[in-house]
Amino acid sequence: MDTKNIARIGMMVAVAFVLSYIESMLPLNFGVPGIKAGFSNIVVIFALFSFSPVTTFGIAVVRIILCGITFGSLSGMLYSLAGGILSFLVMLVLKKTQKFSIYGISVAGGVFHNIGQIFVAMAVLQSSLLLYYLPFLVLAGIIAGAVVGIIGAILVKRLRHTDI
Numbered sequence: 262m263d264t265k266n267i268a269r270i271g272m273m274v275a276v277a278f279v280l281s282y283i284e285s286m287l288p289l290n291f292g293v294p295g296i297k298a299g300f301s302n303i304v305v306i307f308a309l310f311s312f313s314p315v316t317t318f319g320i321a322v323v324r325i326i327l328c329g330i331t332f333g334s335l336s337g338m339l340y341s342l343a344g345g346i347l348s349f350l351v352m353l354v355l356k357k358t359q360k361f362s363i364y365g366i367s368v369a370g371g372v373f374h375n376i377g378q379i380f381v382a383m384a385v386l387q388s389s390l391l392l393y394y395l396p397f398l399v400l401a402g403i404i405a406g407a408v409v410g411i412i413g414a415i416l417v418k419r420l421r422h423t424d425i
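See the structure below:
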């Protein structure tokens, strides 16, 4: 890996980190605890369509770890890692089929991120009652995934021919 690629990857992690920080500072209240807009996932979607799967996975995981260390807790990082890894795997599979648009892939990513988190929470808290929370999280994942997909599609289209 050359210096230019390392710089590009570092820039993606930095942008995702800054977006996470901005999101943490905004007083967004969606009425359901734990629901976030997922601004940093814009970078993951962009990376999925601009970098290799391994690089995209690295960007997502490094961002989650950095944000967990900086802004969160160990349990929050565990939930984010579970959601992020499941989301990445689902998005990668859907992308490889070449049957889904960036929008559909992003929506699936948003939904499966929340599913991953709820299943880890169920395991940690040893309670299946958290499944009642799932419909709200799925709806939030659809909405956030759609917004992230729209912004990600714009970025991929506009930056496709640049050196980013």
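In this text, residue positions in the sequence shown follow the numbering used here: the first is 262, and each later residue adds one.
We put the beta carbon where it would ideally sit given N, CA and C, even for glycine.
Just so it is clear, the structure is predicted and the values come from calculations on it, not from any experiment.
A distance below 9 Å separates the beta carbons of residue 312 and residue 269. Residue state for residue 290 is assigned as coil, using DSSP reduced to three classes. If the five residues before and after residue 345 are omitted, its C-beta is found closer than 6 Å to the C-beta atoms of 321, 325, all from its own chain and listed in chain order. Excluding residues up to 5 positions away in sequence, 314 lie with their Cβ nearer than 6 Å to the Cβ of residue 353 in the same chain.
In this structure, residue 377 lies away from residue 407, with their beta-carbon atoms at least 9 Å apart.
In this structure, residue 370 sits near residue 351, with a CB-CB distance shorter than 9 Å. Around the Cβ of residue 392, a 10 Å sphere holds fewer than 16 other Cβ atoms; the residue is exposed.
In this structure, DSSP gives residue 301 a state outside helix and strand, which the three-state scheme calls coil. For residue 348, the closest alpha carbon among the candidates 411, 273, 372 is that of 372.
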